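In the working numbering, the protein residues as written are 213 to 303.
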């Protein structure tokens, strides 16, 4: 997939993550799992099924964005922008 907006938003999220000094262990685990899901989806040429009984990726990202808004507002915003870019890319 070569969606320039998605790549841009993922790069912005990466920059925000680099500037974030720390997150709680549960949020860190969520970020790691979501990163794996995003990476897998971007490498897939077909619609990938959701793993296990997890909610869809966009719902999990939205939940994560809400969790970060209080302590890391710019990170929450970056995650929301990724959700939007994923939607526009059809993921």
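Ideal Cβ positions, reconstructed from N, Cα and C, are used throughout, including at glycine. In this text the structure is predicted, and so the values were computed from the model without any measurement.
Is it right to say residue i is buried, meaning 16 or more other beta carbons lie within 10 angstroms of its own, or is it exposed?
i           : result
residue 277 : buried
residue 244 : exposed
residue 288 : buried
residue 241 : exposed
residue 258 : Because the pLDDT at residue 258 is just 49, under 50, the model does not fix this residue reliably, and the point stays unresolved.
Could you compute how far the alpha carbon of residue i sits from the alpha carbon of residue j?
i           : j           : result
residue 272 : residue 216 : 23 Å
residue 298 : residue 246 : 13 Å
residue 291 : residue 225 : 6 Å
residue 266 : residue 250 : 14 Å
residue 252 : residue 270 : 14 Å
residue 235 : residue 282 : 12 Å
residue 279 : residue 238 : 11 Å
residue 227 : residue 268 : 25 Å
residue 229 : residue 255 : 22 Å
Leaving out five residues on either side along the sequence, give the residues of the same chain with a beta carbon under 7 Å from the beta carbon of residue i.
i           : result
residue 274 : 295
residue 222 : 294
Among the residues of its own chain, which have a CB less than 8 Å from the CB of residue i, if the five just before and after it don't count?
i           : result
residue 231 : 286
Near residue i, which residues of its chain fall below 6 Å by C-beta distance, leaving aside the five closest residues on each side in sequence?
i           : result
residue 284 : 232
residue 303 : 253
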